[in-house]
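Following this line, the structure appears as structure tokens:
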């Protein structure tokens, strides 16, 4: 199956999943579990939505592997793996804030070639195919270019563990005076799409997982952004940085000097 065909299937599934969430979201969804900390929550609709996405993929492509935030990694027999976050920004979803999304990325031979981010409350469906650009509502996306660090609007996020938040606050205190301002949306996928669409100039965060940025990372890259980690590493859970070339390097160098890939001692 060609990347365009994989994208078409991902779009259909992401739209159906979004309709389910809009139809079933109560006034205040109930927390049914936590993950890394008591503030890292899971709702019943996280699991129900991922079950729906998995079922729709398997109905059309039963041999494909699927990696999902809630259901883990299920091996397949072919070259294709789907990378699914049923609700990226679950705390926002829980509180009725609009920055949450369904994220579906599709790998072929370990490389993301298609991605969909359905920012459901915003009514925005971001799509990208490797080499084919990033798109929203029929318009090709282009990230902001030529923005120096001191005029850049930078998005970021925070982890759930207190020891990590201590360091993230220290880093933020050093970044804030050097940039135009900071935005904290609460969804990695939405933040990356915001870079792609020019709503922010750059983004950095420690602690994001592959399913958080698989689709959004492709959207941002296809919109012209550079995405990576520190010192030439690919973007990873230790740090993800995303911005247009030029700003990427400035933001990278500022962050690298602050040693952001660390946690405070327990109890600090």
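Residue numbers (the numbering used here): 61 to 328.
Positions of the beta carbon are idealized from the N, C-alpha and C atoms, including for glycine.
Everything numeric in this text was worked out from a predicted model, so none of it was measured.
Could you please give me the residues that DSSP links to residue i through a beta bridge?
i           : result
residue 145 : 163
residue 243 : 215
residue 184 : 179
residue 302 : 263 and 287
residue 125 : 141
residue 296 : 299
Helix, strand or coil for residue i? Go by DSSP, reduced to three states.
i           : result
residue 313 : helix
residue 227 : helix
residue 201 : coil
residue 100 : Summary for residue 100: the model assigns pLDDT 49, below 50, so the residue's position carries little reliability; its value from the coordinates is reported in the next sentence. Coil.
residue 133 : strand
residue 87  : coil
residue 196 : strand
residue 321 : coil
residue 74  : helix
residue 221 : coil
Nearest to residue i by CA position, among the options, is which residue?
i           : options               : result
residue 82  : 186, 164, 158 and 237 : 158
residue 169 : 316, 62 and 317       : 62
residue 2   : 73, 182 and 103       : No information on residue 2 is available, as it lies outside the stretch 61 to 328 that the chain covers here.
residue 285 : 268, 151, 259 and 321 : 259
residue 190 : 65, 112, 320 and 321  : 65
residue 310 : 247, 268, 321 and 214 : 214
residue 148 : 236, 135 and 110      : 110
residue 246 : 161, 130 and 86       : 161
Could you give the distance in angstroms between the alpha-carbon of residue i and the alpha-carbon of residue j?
i           : j           : result
residue 238 : residue 307 : 12 Å
residue 71  : residue 326 : 43 Å
residue 249 : residue 79  : 19 Å
residue 139 : residue 124 : 7 Å
residue 281 : residue 256 : 8 Å
residue 253 : residue 177 : 8 Å
residue 137 : residue 67  : 20 Å
residue 197 : residue 324 : 43 Å
residue 305 : residue 278 : 15 Å
residue 217 : residue 115 : 31 Å
residue 187 : residue 229 : 33 Å
residue 289 : residue 104 : 33 Å
residue 118 : residue 235 : 45 Å
residue 141 : residue 276 : 16 Å
residue 316 : residue 152 : 30 Å
residue 133 : residue 171 : 16 Å
Distance cutoff 8 Å, beta carbons only. Does residue i sit that close to anything in chain D?
i           : result
residue 132 : Going by chain labels, chain D is absent from the structure shown, which holds only one protein chain.
Where does residue i land, buried or exposed, given buried means 16+ other C-beta within 10 angstroms?
i           : result
residue 273 : buried
residue 120 : exposed
residue 295 : buried
residue 363 : Limits of the chain in this structure are 61 at one end and 328 at the other, which puts residue 363 out of reach.
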